[in-house]
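Laid out in structure tokens, this is it:
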């Protein structure tokens with residue numbers, strides 16, 4: 054009753070191919086100090102001259118578009134509008150709602 058529990062497996066199938074010629078360590082790979090061409094092209098900030106926007110300009114345009122979608126011109130106007138809305142909400146609350154809110158604030162402190 055001699056059973057084999059293992060399958061015969063040719064391990065050479067999984068071995069790496071022998072190198073044709075030995076290479077110096079890191080000869081084929083760029084070192085961390087030597088960026089690749091892709092890294093160099095990505096690290097250069099696009100300018101307006103090339104027809105592309107820098108990161109700051111893109112951020113400003115996105116903010117302006119966001120504010121325009123909200124119907125305001127700048128962040129100060131947005132802050133003032135939100136403050137006025139909060140004041141209006143407070144004025145619409147009943148006395149019991151105000152007491153409940155105050156109780157919640159005190160219990161969380």
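Numbering (the working numbering), first residue to last: 54 to 162.
Glycine included, every Cβ here is placed at the ideal spot set by N, Cα and C.
Can you tell me whether residue i is helix, strand or coil according to DSSP?
i, result
"residue 143", "helix"
"residue 128", "helix"
"residue 63", "coil"
"residue 107", "coil"
"residue 68", "coil"
"residue 120", "helix"
"residue 56", "coil"
Between which two residues does the alpha helix (DSSP H) containing residue i stretch?
i, result
"residue 155", "148-161"
Is the distance from the Cβ of residue i to the Cβ of residue j below 9 Å?
i, j, result
"residue 120", "residue 126", "yes"
"residue 143", "residue 155", "no"
Judging by CA-CA distance, which residue of the options is the nearest neighbour of residue i?
i, options, result
"residue 116", "149, 128, 140, 137", "128"
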